[in-house]
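According to UniProt numbering, the residues represented by the sequence shown are 1 to 117, in order.
Encoded as structure tokens, the structure appears first; notes follow it.
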Amino acid sequence: MRVTRIHTDLRVPDISAAREFYAGYLGLTDESIGMDWVTRFSSPESGANLQLVTRDATAPEDPVASIAVDDVEAAHDEARRRGFEIVHPLTTEPWGVRRFFVRAPDGNVLNILQHRD
């Protein structure tokens, strides 16, 4: 398994209300990803980015980061082999990702995902 991308997931009560700060003040571009509960903001110049999440649509907990990998099944198998807590089972979501949530030993919940073609 190889990590290909990481997005910080910031929990906010209302994405619309947060837009002025992230787009207006920080000058990030809103990359609306077509869902009302999550959106991504990025800097066109540097590629730096973050995601705002009101609540995860299908999981029992919200992650602090979304980590894209090249083989989500291998990542899931390795997490289980190491005895890490799987918070959300390996699932193919309607919006085109296969993912699971794992709790790191420090308590943080991470969304491990792979985009489906």
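Glycine residues also receive a C-beta, built at the ideal position from the N, C-alpha and C atoms.
### Task
Provide the residue(s) that pair with Thr-92 in DSSP beta bridges, ordered along the chain.
Your numbering for residue 92 matches position 92 in the sequence shown. Its beta-bridge partners are Arg-98.
### Query
Which residue's Cα is closest to the Cα of Asn-49: Thr-8, Val-38, Trp-37?
Walking along the sequence shown from the start, residue 49 turns up at place 49. Comparing Cα positions, the closest option is Thr-8.
### Message
Whole angstroms are fine: how far does the CA of Leu-10 sit from the CA of Leu-26?
### Response
On the sequence shown, position 26 is the one that residue 26 refers to. On the sequence shown, position 10 is the one that residue 10 refers to. Their Cα atoms are separated by approximately 15 Å.
### Per-residue DSSP class, three states only, for Glu-78
Your numbering for residue 78 matches position 78 in the sequence shown. Residue state, collapsed to three classes: helix.
### For Asn-108: DSSP bridge partner residues
Translated into the one-based positions of the sequence shown, residue 108 becomes position 108. Paired residue(s): none; Asn-108 is not in a bridge.
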